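Colleague: Structure in structure tokens, see below.
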Amino acid sequence: MTDNNNAFELYSQRVREYTDAFAASKGHRPRAFVRTFGCQQNEADSERLRGTLVFLGYEICESEKEANCILVNTCAIREHAEIKALSVIGQYKHLKNADPTLIIGVCGCMGAEKHRTDQLKNSYPYVNFSLPPASDAMLPEALYNAIKRKRDFTRLESVAETPDISPVRTDKSKAWVSIMYGCNNFCTYCIVPYVRGRERSRPFADIVREVETLISEGYKDITLLGQNVNSYNGGCTFAELLYRLAKLEGDFVLRFMTSHPKDVTPELIEVMASCDKVAKHFHLPLQSGSDRILKAMNRRYDREKYLGHVNALRAKIPDIAITSDIIVGFPGETEEDFAATLDIIRTVRFDMLYSFIYSPRKGTPAAEMEEQIPKSVQNERFDRLLALQNSISEELNYSSVGKTLRVLCEGGSKTDSSVLCGRTDGNKLVLFDGTAKAGEFIYVNITDAEPYALHGKQI
Ligand code: SAH
Ligand code: SF4
Ligand code: F3S
302 MTDNNNAFEL YSQRVREYTD AFAASKGHRP RAFVRTFGCQ QNEADSERLR
352 GTLVFLGYEI CESEKEANCI LVNTCAIREH AEIKALSVIG QYKHLKNADP
402 TLIIGVCGCM GAEKHRTDQL KNSYPYVNFS LPPASDAMLP EALYNAIKRK
452 RDFTRLESVA ETPDISPVRT DKSKAWVSIM YGCNNFCTYC IVPYVRGRER
502 SRPFADIVRE VETLISEGYK DITLLGQNVN SYNGGCTFAE LLYRLAKLEG
552 DFVLRFMTSH PKDVTPELIE VMASCDKVAK HFHLPLQSGS DRILKAMNRR
602 YDREKYLGHV NALRAKIPDI AITSDIIVGF PGETEEDFAA TLDIIRTVRF
652 DMLYSFIYSP RKGTPAAEME EQIPKSVQNE RFDRLLALQN SISEELNYSS
702 VGKTLRVLCE GGSKTDSSVL CGRTDGNKLV LFDGTAKAGE FIYVNITDAE
752 PYALHGKQI
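So the mapping is simple: this note's numbering equals the position in the sequence shown, first residue as 1, plus 301.
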């Protein structure tokens, strides 16, 4: 690592010389804006990128328009995510025309795809550099090249170790803590193992220290993150890590995502059941209810095993919220396979579902499979799945009316500031009358419900 560390130090110093000179001549530090697409892991990575930018002498600004440097932290999970990012990058062309010294960098999962970085280099000539995910260690070199216009386009590819720099967190009460990076599972549809590399777990002592600091700073809602958070092995098991963290002093709730069904253990369920500070919520992606499709997806569990986890969780934690991800229209999915998915959804009655239409990802085995499902069939199945889940969510929400739920207040609602909003342990949106401040835990009496939200009064 020493070579990387030396490069990081050397380029950091050079970038700081530039940012200091900029500040001396312009009267303010150069401003950087980070735009984020994708999952919570990417949100957390963006907070670290902002931390590195501040370390390099930038100040973080709230809009592209005032920025001297824009980083776009991209997602590659589905084609739609890539198209959205490319369209936003396309809109930055006129900003670059107005200010040719503007630095534009593309980071994140698209930055690890050769065909996308080729596309950026060839068709987006105003983009200065691309970086793969979690590569703060290479940001100074990329910035330095851009500042000095040393190269038209810098493409840095290897994933280096992340420097120990504090993130700039966007929220005052909620915090992300990445505990592991990467993925070893190679589900046949998924790009993540290719763009994020193999699993790396952070040492548990570092994680405990970070969480202690967050608690002392007043953070109330702490989410442990990883592509497969429960495959953690940084010196102890995930269940042990969660137990240690849940025993820390203070008033906070611990969440974690995303879990892989293959690594759900009785110990983990026990820790969730016995520790008050662990949110009674399990996000456990199912993907499909058909054993044939699960096998073709390389998911390493079947229906029975999945249902076994659901039953074990509910036996120990009767009020647990269980949510999931489903892919509709995977290659070869028959009407019978899809019926098996609807059937398991009816059986489990998930509190919430995130459903996605299958999107072929270049370089993954599923993209090469025969029997790709026509768009019209995918859309029709997707609509049926949504209708089913909406009716289940609505029933579950109505069954909460009359109950008292613990809610973490997030402040005024976006649509009506006279109403407060917050989230239950299961991450359900609650709109309520009351006097709570953002970041406070309170109890709300639920008086009404809709498919996507609960209404109530603070008690
Ligand atoms: N590591 C997590 C999920 C990461 S990606 C897990 O294994 O569960 C988040 C979700 O995106 C996945 O659960 C899956 O439902 C969806 N997804 C991944 N690749 C996809 C693709 N090619 N097309 C459509 N949805 C996809
Ligand atoms: Fe993708 Fe599967 Fe890894 Fe999840 S476990 S990130 S779906 S390859
Ligand atoms: Fe997207 Fe990368 Fe997350 S592909 S979903 S940003 S891991």
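For every residue, glycine included, the Cβ atom is placed at its ideal position computed from N, Cα and C. These numbers were taken from a predicted model, which means no experiment stands behind them.
Compute the Euclidean distance between the alpha carbons of K385 and C408, then round it to the nearest angstrom.
Modeller: Going from the Cα of K385 to the Cα of C408 covers about 14 Å.
Colleague: Run the CB neighbour count on G690, radius 10 Å, all protein chains shown included, and call it buried at 16 or more, exposed below.
Modeller: The residue you asked about is not Gly; residue 690 is Gln in the sequence shown. Counting Cβ neighbours within 10 Å, Q690 comes out buried, since at least 16 surround it.
Colleague: Around the Cβ of D346, are there at least 16 other Cβ atoms within 10 angstroms (buried) or fewer (exposed)?
Modeller: Buried, by the Cβ-count rule.
Colleague: Do you know offhand how far V745's Cα is from E550's?
Modeller: Taking the straight line joining both Cα atoms gives about 25 Å.
Colleague: Is the CB-CB distance between A622 and G590 below 8 Å?
Modeller: Not closer than 8 Å, so no.
Colleague: Measuring from each Cβ to the nearest heavy atom of the ligand SF4, keep the ones under 6 Å and list them in chain order.
Modeller: Those residues, listed in chain order, are C484, N486, F487, C488, C491, V493, P494, Q528, N529 and H561.
Colleague: Nearest to Y490 by alpha carbon, out of K415, N599, Y319 and A754?
Modeller: Among K415, N599, Y319 and A754, the Cα nearest to that of Y490 belongs to N599.
Colleague: Taking K521 as the reference, give the member of T559, G703 and E513 with the closest Cα.
Modeller: That would be E513, whose Cα lies nearest to the Cα of K521.
Colleague: So for C410, helix, strand or coil by DSSP?
Modeller: Helix.
Colleague: Please go through the same chain and pick out, in chain order, the residues whose beta-carbon is closer than 7 Å to the beta-carbon of P441, but skip the five residues on each side of it.
Modeller: These residues qualify, in order along the chain: F309, Y312, S313, V316 and L357.
Colleague: For a minimum of 3 consecutive residues, which ranges assigned as the beta strand (DSSP E) are wholly contained in the segment 302-330?
Modeller: For the segment 302-330, not a single whole beta strand (DSSP E) run of length 3 or above is found.
Colleague: Looking only at its own chain, which residues have a Cβ that is under 6 Å from the Cβ of D726, when we skip the five neighbours before and after it?
Modeller: Result list for D726: A580, K581 and H582, in chain order.
Colleague: For K415, which residues from the same chain have a beta carbon less than 7 Å from its beta carbon, with the 5 sequence-adjacent residues on both sides left out?
Modeller: None.
Colleague: Return yes when the C-beta of I378 is under 7 Å from any heavy atom of the ligand SAH, and no when it is not.
Modeller: Flag set: Cβ of I378 near the ligand SAH.
Colleague: Within the present structure, is the beta-carbon of D346 separated from the nearest heavy atom of the ligand SAH by less than 7 Å?
Modeller: Every heavy atom of the ligand SAH is 7 Å or more from the Cβ of D346, so no.
Colleague: List the whole-angstrom C-beta distance separating N369 from I405, where the pair is believed to meet the contact cut-off of C-beta under 8 Å.
Modeller: Not quite, the Cβ-Cβ distance comes to about 11 Å (not below 8 Å), so this is no contact.
Colleague: What span of residues does the alpha helix (DSSP H) with D437 cover, start to end?
Modeller: D437 -> no alpha helix (DSSP H), and no H or E assigned at all.
Colleague: Quick test of your reading: K617 and I570, contact by CB under 8 Å. State the CB separation rounded to the nearest angstrom.
Modeller: Between I570 and K617 the Cβ distance is about 5 Å, and since that is below 8 Å, they are a contact.
Colleague: Taking the beta strand (DSSP E) that I627 falls in, what are its first and last residues?
Modeller: Its beta strand (DSSP E) spans residues A622 to V629.
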